[in-house]
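Asks: First the structure, then my questions, so here it is.
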Amino acid sequence: MNVKITRNAAKVIKKTMELEGNSELKLRVAITHAHGDHAHYGLDLDTPKENDVVVSTDKEIDVILDPNQPLLDGVKIDYLYFPEEGFVITNPSKGNHGDH
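Numbering (full-length UniProt numbering), first residue to last: 1 to 100.
Have a look at this one:
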């Protein structure tokens with residue numbers, strides 16, 4: 001499984017992970033809603049469960065994924081400042097280029 005985290009997203013995620021009580025947690029990407037051939041994604045800090053896969057990224061952030069969710073393989077996590085500030089999670093490898 002593969003995850004891409006942009007530089008903007010990595011800066012925000014690392015700040016959150018450095019907060020007290022978060023040092024042992026990893027970033028979880030989950031599907032919040034799926035329909036048809038694409039999904040909507042969410043982020044959380046969590047500890048890996050028995051069947052989870054932990055993927056290391058080039059931004060030195062480990063990401064927890066459910067290996068039984070094929071729409072998680074290839075997700076891209078970005079953080080935009082305009083037009084609205086916040087995370088944008090897509091999966092270009094599966095044809096999901098953004099929420100609708």
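Just so it is clear, CB atoms sit at the ideal spot from N, CA and C, and this is done for glycine as well.
Check whether the region 5-13 and the region 50-68 are in contact - that is, three or more C-beta pairs closer than 8 Å.
Replies: yes
Asks: Can you tell me whether T90 is buried or exposed, with buried defined as 16 or more other CB within 10 angstroms of its CB?
Replies: buried
Asks: Just to confirm the assignment, what range does the alpha helix (DSSP H) spanning K15 have?
Replies: R7 to M17
Asks: Tell me, to the nearest whole angstrom, how far the beta carbon of L45 is from that of M1; I am working on the premise that it is less than 8 Å.
Replies: At roughly 19 Å, the Cβ-Cβ gap does not stay under 8 Å, so L45 and M1 are not in contact.
Asks: Tell me the DSSP secondary structure of L72 in three-state form.
Replies: helix
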